[in-house]
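Visitor: In the UniProt record's numbering, the protein residues as written are 1 to 110.
Got a structure for you, written out below as C-alpha cells; questions coming shortly.
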Ligand SMILES: [Ca+2]
C-alpha cells in the first residue's frame with residue numbers, strides 16, 4: 001500500500017510543487033492541497049502508518065525530514081527549520097514525536 005494508491009496524482013503534484021522552495025513547506029497547507037484532510041479516519045491512519053517507516057507508532061524527527069519523499073520519490077528533504085516547525089505544530093503533548101492522535105488532529109484541522 002502506497003500513499004499514491006488513494007491520493008490523486010494531480011493533487012500530489014500540486015502539493016509538492018507548492019513547497020519546492022526551501023522553507024516554504026507548511027504542514028496544514030500540504031495536507032489540504034494533497035487531499036488528505038478530506039479522507040476518512042481509516043485512510044488517514046493508513047497514511048500515518050506509511051509515514052511511520054520504522055513502525056514505532058510515532059512519526060519521529062528523521063521520518064518528518066523525509067516526509068515529502070513518501071508522496072514523491074524525487075521530492076526534497078525538509079530543512080531543519082521546517083522539520084522543527086512541523087514537529088512543534090503536531091506534537092501537542094511535547095514528547096518530541098507525533099503519535100496517531102496528534103497526526104489525525106493536525107490533518108483534520110487543515
Ligand atoms: Ca517512527
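We treat Cβ as the ideally placed atom computed from N, Cα and C, and that holds for glycine.
Source: prediction; values computed, not measured.
Just how far apart, CA to CA, sit residue 77 and residue 67?
Guide: Their Cα atoms are separated by approximately 7 angstroms.
Visitor: Is the beta carbon of residue 104 within less than 7 angstroms of some heavy atom of ligand 1?
Guide: no
Visitor: Sort out for me which residues DSSP pairs residue 98 with in a bridge.
Guide: Answer is 59, bridged to residue 98.
Visitor: Measuring only from the beta carbon, is residue 59 closer than 7 angstroms to any heavy atom that is part of ligand 1?
Guide: Indeed, a heavy atom of ligand 1 lies less than 7 angstroms from the Cβ.
Visitor: Can you determine whether any heavy atom of ligand 1 sits closer than 7 angstroms to the C-beta of residue 56, and answer yes or no?
Guide: Relative to ligand 1, the nearest heavy atom lies less than 7 angstroms away from the CB of residue 56.
Visitor: I think residue 11 touches residue 33, with their Cβ atoms under 8 angstroms apart; what is that distance to the nearest whole Å?
Guide: 7 angstroms
Visitor: Give me the residue from 104, 7, 5, 100 with the minimum Cα distance to residue 57.
Guide: 100
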